[in-house]
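Enquirer: One structure coming up, written as C-alpha cells, with questions to follow.
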Amino acid sequence: MNTWPDAFFSVADLHTYYGDSYVLQGIDLQVRPGEVLAVLGRNGVGKTTLAKSIMGFVGHRQGAIHLQGADISRHTPEARSRAGIALVPQGRRTFKSLSVAETLDLAAHLKRFDRDGLAWSPEEVYAAFPRLAERRNNRAGKLSGGEQQMLAVGRALVGNPKLLVLDEPTEGLSPLLVQELHAVLGKVKARRSTLILIEQRLKFALALADRVIILSKGKVVFESTPQALDADPDTKQRYLGI
Ligand SMILES: Nc1ncnc2c1ncn2[C@@H]1O[C@H](COP(=O)(O)OP(=O)(O)OP(=O)(O)O)[C@@H](O)[C@H]1O
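Straight run, no breaks: the sequence shown in the UniProt record's numbering ends on number 242.
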C-alpha cells in the first residue's frame with residue numbers, strides 16, 4: 001500500500017475475526033487532518049467491526065493502525081482514547097443516571113488539552129441542540145433515543161478528540177434531529193476536525209464527506225469523492241442497493 005506522507009490516521013491491511021468468522025479482510029484507509037471520510041456499505045459488511053477495531057474493542061489478527069505516525073494497534077481502548085480517538089458507537093451509549101448537564105460537564109472536565117481550539121463547550125452543544133438545553137437537568141436515561149444520540153455526539157465533541165468516529169449517528173433519529181445533526185457536523189467540519197463517518201444515509205454522508213469509501217464483504221471496494229460516487233449509479237446500485 002502507498003502511505004500518504006500527510007496521513008493523520010491510517011489503517012493498513014487490517015484483518016479482524018470473530019472466532020472463525022473472517023470479517024475484515026485486509027482494510028486499508030487513510031485520513032488527512034481536517035478531513036471527513038465517509039464509510040458506506042450495506043448491512044453486515046463490517047462497518048461496525050471497523051469502528052470497533054479502530055477503537056480496540058475487538059482485536060485484529062493482522063494489520064497496523066497509526067495516529068499521527070504512532071502505531072496504536074496494540075493499545076487498549078483506554079490508551080487509544082487518551083491518544084485522542086473517540087467513538088460514538090451505534091445505538092448511543094450514555095450514562096443513564098447522569099443528567100445531560102452532568103454528562104457534558106464531566107466530559108469538559110476530562111477533556112484533552114485544547115491546543116487547537118477545536119473543543120466544543122457545553123454551551124456550544126446546547127446552542128447546537130436546543131432539545132438538550134431544554135433537558136439539561138434530565139437524566140440521560142429519561143431522554144428519547146434521538147436525544148441520547150445527540151448527547152453522545154455532544155459528549156464526544158466536548159471531549160476534544162483528534163479523530164472522531166461516528167457509527168451510524170442518524171440511525172433511529174427523527175427527520176428534525178437528522179437535520180440538527182447535519183448542521184452540527186457541518187460546524188464540526190468547519191472547525192477542521194477529523195472525522196470518520198459510518199453512515200447508511202447516502203445523502204447525509206455525501207453532503208459532509210471529503211472522500212468516500214465503500215465496504216463490501218470486509219474489503220474496501222470503492223474509493224472516490226462524494227461527487228464521483230453520486231454520479232455513478234452502477235456503483236450505488238451494486239454496493240448500496242440504491
Ligand atoms: N460479536 C460478534 N460475533 C460474531 N459475529 C459478529 C459479531 N458482530 C458482528 N458479527 C458479524 O460480522 C459481520 C459484520 O458485522 P458488522 O456489525 O461489522 O457490519 P455492519 O456493516 O456494521 O452492519 P450494520 O450496518 O448492520 O451495523 C456480520 O456478518 C455480523 O453478523
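For glycine and all other residues, C-beta sits at the position ideal for the given N, C-alpha and C.
Quick caveat, the model's predicted, so the values are computed rather than measured.
#1: I'd like to know whether the C-beta atoms of glutamine 62 and glutamate 168 end up nearer to each other than 8 Å.
#2: Rounded to the nearest angstrom, how far is the Cβ of arginine 191 from that of leucine 118, given a contact under 8 Å?
#3: Note down, in chain order, each residue of its chain lying with its Cβ closer than 8 Å to the Cβ of proline 77, except the 5 sequence neighbours on either side.
#4: So the alpha helix (DSSP H) tyrosine 126 belongs to, where does it begin and stop?
#5: Leaving out the 5 sequence neighbours to the left and right, which residues in its chain are closer than 8 Å to methionine 1 when beta-carbon positions are compared?
#6: Between alanine 7 and glutamate 199, which are expected to be in contact by the criterion C-beta below 8 Å, what is the C-beta distance as a whole number of angstroms?
#7: Relative to ligand 1, is the shortest distance from any of its heavy atoms to the C-beta of alanine 217 smaller than 7 Å?
#8: For a minimum of 4 consecutive residues, which ranges assigned as the alpha helix (DSSP H) are wholly contained in the region 48-98?
#9: Name the one or two DSSP bridge partners that leucine 110 has.
#10: Hey, quick one: how far does the alpha helix (DSSP H) through glutamate 199 stretch, first residue to last?
#11: Distance check for arginine 74 and glutamate 180, CA to CA, integer angstroms please.
#12: Less than 8 Å between the CB atoms is what I'm expecting for arginine 131 and glutamate 147, so what's the real figure, rounded?
#13: Please confirm whether any heavy atom of ligand 1 lies closer than 7 Å to the CB of serine 21.
#14: Between threonine 235 and asparagine 138, what straight-line distance do the alpha-carbon atoms span, to the nearest angstrom?
#15: Once the 5 residues before and after leucine 67 are set aside, which same chain residues still bring their CB inside 6 Å of it?
#16: Which whole runs of the alpha helix (DSSP H) in the region 156-236 are 4 residues long or more, in chain order?
#17: Going along the chain, which residues of its own chain have a beta-carbon closer than 6 Å to the beta-carbon of aspartate 210, five neighbours each way excluded?
#18: Taking 8 Å as the cut-off, does the region 40-51 touch the region 119-128 (at least 3 CB pairs, one atom from each stretch)?
#19: Can you tell me where the beta strand (DSSP E) with isoleucine 27 in it begins and where it stops?
#20: Would you give the residue range spanned by the beta strand (DSSP E) that methionine 37 belongs to?
#21: When you compare only the Cα positions, how much space is there between tyrosine 18 and glycine 69?
Expert: Based on what the coordinates show:
#1: One-based indexing of the sequence shown puts residue 62 at position 62. One-based indexing of the sequence shown puts residue 168 at position 168. For glutamine 62 and glutamate 168, no; Cβs fall outside 8 Å.
#2: Stepping through the sequence shown from its first residue, residue 191 is reached at position 191. Stepping through the sequence shown from its first residue, residue 118 is reached at position 118. That belief holds up - the Cβ atoms of arginine 191 and leucine 118 are roughly 5 Å apart, short of 8 Å.
#3: Indexing the sequence shown from 1 puts residue 77 at position 77. Taken in chain order, the residues that qualify are Met55, Gly56, Phe57.
#4: Your numbering for residue 126 matches position 126 in the sequence shown. Per DSSP, the unbroken alpha helix (DSSP H) holding tyrosine 126 starts and ends at 122-128.
#5: Position 1 of the sequence shown, counted from the start, is the residue given in the question as residue 1. Here methionine 1 scores only 49 on pLDDT, less than 50, and its place in the model is too uncertain to base an answer on.
#6: As a position in the sequence shown, residue 7 is number 7, starting the count at 1. As a position in the sequence shown, residue 199 is number 199, starting the count at 1. Not quite, the Cβ-Cβ distance comes to about 22 Å (not below 8 Å), so this is no contact.
#7: Counted from its first residue, the sequence shown places residue 217 at position 217. For the sequence presented, residue 217 should be read as lysine rather than alanine. No, Cβ of lysine 217 sits at least 7 Å from all heavy atoms of ligand 1.
#8: Here the runs fully enclosed are 77-83.
#9: As a first step, residue 110 is located in the sequence shown; it is residue number 110 there, counting from the start. For leucine 110, DSSP assigns no beta-bridge partner whatsoever.
#10: As a working note, residue 199 is residue 199 in the sequence shown. It is not in any alpha helix (DSSP H) - glutamate 199 carries neither H nor E in the DSSP assignment.
#11: Residue 180 sits at position 180 when you count from the first residue of the sequence shown. Residue 74 sits at position 74 when you count from the first residue of the sequence shown. Roughly 36 Å separates the two Cα atoms.
#12: Within the sequence shown, the letter at position 131 stands for residue 131. Within the sequence shown, the letter at position 147 stands for residue 147. Going by Cβ atoms, the distance from arginine 131 to glutamate 147 rounds to 6 Å, so yes, they are a contact pair.
#13: For the purposes of this step, residue 21 is taken as residue 21 along the sequence shown, with counting starting at 1. Yes, since a heavy atom of ligand 1 falls inside the 7 Å radius drawn around the Cβ of serine 21.
#14: The residue given as residue 235 occupies position 235 in the sequence shown. The residue given as residue 138 occupies position 138 in the sequence shown. Going by the C-alpha atoms only, they are around 45 Å apart.
#15: As a first step, residue 67 must be located in the sequence shown, where it is residue number 67. Phe9, Ala83, listed in sequence order.
#16: 175-190, 202-208, 226-230
#17: Your numbering for residue 210 matches position 210 in the sequence shown. Closer than 6 Å at Cβ, skipping near neighbours: Glu35, Val36.
#18: At 8 Å Cβ cutoff, the stretches do not touch.
#19: Along the sequence shown, one-based indexing puts residue 27 at 27. Its beta strand (DSSP E) spans residues 21-31.
#20: Mapped onto the sequence shown, residue 37 falls at position 37. The question names methionine, but residue 37 in the sequence shown is leucine. Taken as a continuous stretch (DSSP letters only), the beta strand (DSSP E) holding leucine 37 covers 36-40.
#21: By 1-based counting over the sequence shown, the position of residue 18 is 18. By 1-based counting over the sequence shown, the position of residue 69 is 69. Near 28 Å, if we compare the C-alpha coordinates of glycine 69 and tyrosine 18.
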